[in-house]
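Scroll down for the structure; my scribbles are underneath it.
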Amino acid sequence: MLGKLAVDKIQFSPFLSGLIENSEHPTNITAQEALNALECIDTTSREAASDLLRLKQKFALGWSALALSPNADFKTLGALQSEFAARSIDVALQTAWQLEAKSLKLKNLPDNVPGLFILGLGKLGGLDLNFSSDVDLIAYYDPDKLPVPKHMGQSYVVNKVLKTMGQILKPRNSPDFVWRVDWRLRPESSASQLSMSTDMAQDFYFFRALPWHRLALMKARVIAGDAEVGKNFLQTITPFIWRQNLDFRALDELAHLKSRINLEHPALRQQRAAPQPITADATGFNVKLGSGGIREIEFIANAQQLVWGGKQYELRTPNTLEALAHLTRLGHMKADISDHLSRAYIRLRQVENAIQMLGNEQTHIIPPQGVARQNLLALLGETDWSGFCQDIELLRRFINKQFKLIFEIASEETPISESFEAHLDALSPAAKEVTQNWLNGFFVRSNKAEQFQSLGQAMLERIFSASVASDEAIIRVNQFFAALSRSEQYLHLLSRNNDLLDTLIPPLLYSPHMTVLLEQSPHIIDVFLSPQTGLDTGFIFQSEDYETRLERLRRFVNENLFISYTQFMSGGSAASLQAELTQLADITIGAALRIVADDLGLTHLPLTVLGLGKMGTSRMSPLSDIDLVFIFGDDADTDLSHKIVRRLRTALTAKLSEGIAYELDMRLRPSGRSGPPAVKLQSFIEHHADRAHNWEHIALAQARIVAGDDMLGQKVMEARKDILMRPRDITQFLSDGKAMWEMIEVQRVDNTPADHFNSKLRPGGLMQAEYTENCYRLLGQDAQALRAPILFWSKLQLWERLLGLTGKPLTDIPKFYRDNLLVQFEVNNLSALAKLQARHAKAVLTQYNAIFKEVSLPTHYESARIIWEER
């Protein structure tokens, strides 16, 4: 109902006063009742259009009463206005459908419009509609679901329906209307009809769209028509709206768009004519588009949503106030800034609503002196024009300052070191050509050349200070940039975040493995701008597409490998890195199982995954493959089991644009390469009890379940324990164990000097240490003396593989990382590290000889099936 205060204020609105005069019972009108009454409109009736207009007028009065009350809730008001708009547009669409169906003599059609849907954009999409907003709409149809024969011309019929809907919402030659409709945000609006098929729309967005189309669609929601088809369409184009990579070009694109608005929009003529865009007098200020206005707050939120929303799903909200709150919670905006912007947004939107209440016009300009100004102040409950102007000016200056901080890059140049010019002069001609290219703005045609020149200087400073051969380093880094498919996007990222160079440059210079990761997934450095909590695979499954999921699985692996490697090489512990790499492998295998299950239409996979080798010991290392055995329940279908394993192998090892997830080694399954890829539980037990050789049990000594069915996994581990604890012929075991190692030694082990790297395949190295430890386990003996050597070699292997040092002298450790490496091993110099290698190798050989030294093998010894002793 209209309260006395609301009635007192409404008299200052000529439009609302007119509605009251023409209403039979103006004091009994509520917005919610008008909203609910929409359901009663008969869309087949001739009176549907007039009923809709009558309810809109009732709603306008009821909504204004709420808005002008002292305790009005801004968010509730926006949602109420937007909900009425959505439902009324849906009523108009159904009415238009009925009219055109009769006109075109379409028969046997449903009352609704399957396959046709309308998206609400802007404030309608964001549940944040003004009092007299126009409504930004886009319509699409699924040609396979639209109940119109294709020979009749589906596009023709749909466009007739939409034009009729537009006439219902805003009748020709009438001052009264339900909504002004704006179709200009649709694809190719100047040349296309009002609607197009969903297939054509997808083609447009993914291949021909402009940056502002992303901005428009980030607030899209289905407001009328076939909601299911509409939601599926929005899901399909999600990769266009929300990019998986941080794309800082969005900031420049939105800044350019705002600049064009300031320079060209007819509603800003007065601002352009003023000496300064922000003045002390609020007269003529366009609260929506002017400097320090609503649009700048929206762009502050929208730009950061576009940058971060691909990775942080909370930011995919169409509502500006919610976006500001999420930006604060995620650490992208300070709380006091967000609170100030939110209050400013609400204040300016309240002023905007009051301006529009004066005449139900789509205007955003504060009126000049006179009756209109006084009416505006009265609607706002204010009397002091001077105080109002002062309040608006303070808000505008704060908003505009924050806008510039977001969209303008600091102009200070990177400090030039004293030796910079000397380093430049000392470069080879080829390197000088590259550096000149960098310092001139790289290989990008851009009006932001200065920003990229500064980036080039920052990169060179890091290379010159990195204690490397600068010529070679510059060429190597340039090759990386030249190979990027979206180099400008990457340069935008780095130019706005120079600190990322400290994450990018060292791996390119020193780590072959990390360089490969960067070449496969150059975007991975942006994860350092959006810190992750835990290993979240959620983004993998946002897409229903099988190949997209496989690509994202590789992205997930590469990103997390790079994060873990960077933390380790910056001073992290070896134990933490090994645990992180092991957890990553476990989660990746679990994700691969889910991908395969979904692809095969299964809710559950009847298998468990047994991890051996590095997976079994939970000491994964860079470049480690994963040794797995896939074990199925005995009642599992054999053909399905083999199909599942083949799909899993593809999911993990197929080489896609971002490489593979992991190298998969299945040779340790029963019967090795010759055996079936899928093994059933009983076959697994029977093989290891009746047909296995001792070396298979040495490999099985350290194993664990890494993924799959928990109950089946428990049965496997129980069976493994029973098998390994059975008493066996010790003489045979020792002979088999020594024979197997001697074969490995001949084929793979190198005699490496103590001052060279070869942590795994040297006498007394990691492989021999772990092999010997497993033998001790099967003999039931204490292997404690091997703990220190295994930890030493495992830690050294991390550095060796990350820096590509296998077989190279210790002196090849890059100076950039040398101190961190020596600190981890608690030594002061390379000579001490060499002595540690010699000492641990000797300790391993001592433990190996303790059990195998007395074993004598015949010239052509061959192992046989295990001989079990009676219990």
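Heads up, the final residue of the sequence shown is numbered 872 in our numbering, and it's a clean run with no missing numbers.
Where a beta carbon is used, it is the ideal one built from N, C-alpha and C, also for glycine.
For the stretch 149 to 213, the full-length alpha helix (DSSP H) segments reaching 4 residues or more read 155 to 170 and 199 to 208 along the chain.
Here the stretch 83 to 102 lies against the stretch 154 to 163, with 3 or more beta-carbon pairs under 8 angstroms apart.
Annotation for F16: M358, L359, G360 and N361 place their beta carbon closer than 7 angstroms to its own, counting only its chain and skipping 5 residues before and after.
Pairing L554 with A459 gives a Cβ-Cβ distance that is not under 8 angstroms. Straight-line measurement puts the Cα of G116 at about 13 angstroms from the Cα of V158.
For D640, the enclosing alpha helix (DSSP H) has its first and last residue at T639 to T654. According to the DSSP assignment, L530 belongs to no alpha helix (DSSP H), since it is labelled neither H nor E.
Approximately 36 angstroms separates the beta-carbon atoms of G371 and K220; this is outside 8 angstroms, ruling out the contact. Fewer than three pairs of CB atoms, one per stretch, sit closer than 8 angstroms, so the stretch 660 to 672 makes no contact with the stretch 733 to 747.
DSSP places T96 within a helical segment (H, G or I) once states are collapsed to three. Counting the other CB atoms within 10 Å of its CB gives P319 a total of 16 or more, which places it among the buried residues. For D666, the three-state secondary structure derived from DSSP is strand. Contact between the stretch 640 to 648 and the stretch 738 to 747 is absent, with fewer than three C-beta pairs closer than 8 angstroms. With contacts defined as CB atoms closer than 8 angstroms, F453 and S512 fail to qualify as a contacting pair. For T609, the uninterrupted beta strand (DSSP E) segment begins and ends at L608 to L613. Cβ atoms of L585 and V558 come within 8 angstroms of each other, at about 7 angstroms.
Around the beta carbon of Q579, 16 or more other beta carbons sit within 10 angstroms, so the residue counts as buried. Per DSSP, the unbroken beta strand (DSSP E) holding A679 starts and ends at A679 to K681. With contacts defined as CB atoms closer than 8 angstroms, L669 and V630 qualify as a contacting pair. In this structure, the straight-line span from the alpha carbon of L461 to that of A789 is close to 42 angstroms. Of the residues V824, E801, D500 and F540, the one whose Cα lies closest to the Cα of I814 is E801.
With contacts defined by Cβ atoms closer than 8 angstroms, I301 and I407 form a contacting pair. For I367, there is no enclosing beta strand (DSSP E), since its DSSP letter is neither H nor E. Per DSSP, reduced to three states, the secondary structure at I724 is helical. Approximately 5 angstroms separates the beta-carbon atoms of E297 and I400; this is inside 8 angstroms, confirming the contact. Boundaries cannot be given for D813, as no beta strand (DSSP E) includes it and DSSP labels it neither H nor E. Taken atom to atom, the span from the alpha-carbon of P278 to that of L518 is near 48 angstroms. In this structure, M741 is the residue among G808, N759, M741 and F569 with its C-alpha nearest to the C-alpha of A865. Here V630 is bridged, per DSSP, to L611. Looking at H493, T436, D503 and I476, the one whose alpha-carbon comes closest to that of A467 is D503.
Of all alpha-carbon atoms in Q82, L325, T604 and A49, the one lying nearest the alpha-carbon of T31 is that of Q82.
Taking 8 angstroms as the cut-off, the beta carbon of N775 is found closer than this to the beta carbon of A702. For the stretch 38 to 98, the continuous alpha helix (DSSP H) assignments of 4+ residues that do not extend past its boundaries occur at 49 to 68, in sequence order. Across the set Y547, A784, P671 and V680, the C-alpha of P671 shows the shortest separation from the C-alpha of D691. Take the alpha-carbon of Q245 and the one of T516: they are about 21 angstroms apart. Counting only residues of its own chain and dropping the five nearest sequence neighbours on each side, P368 has a CB closer than 7 angstroms to the CB of R374 and L377.
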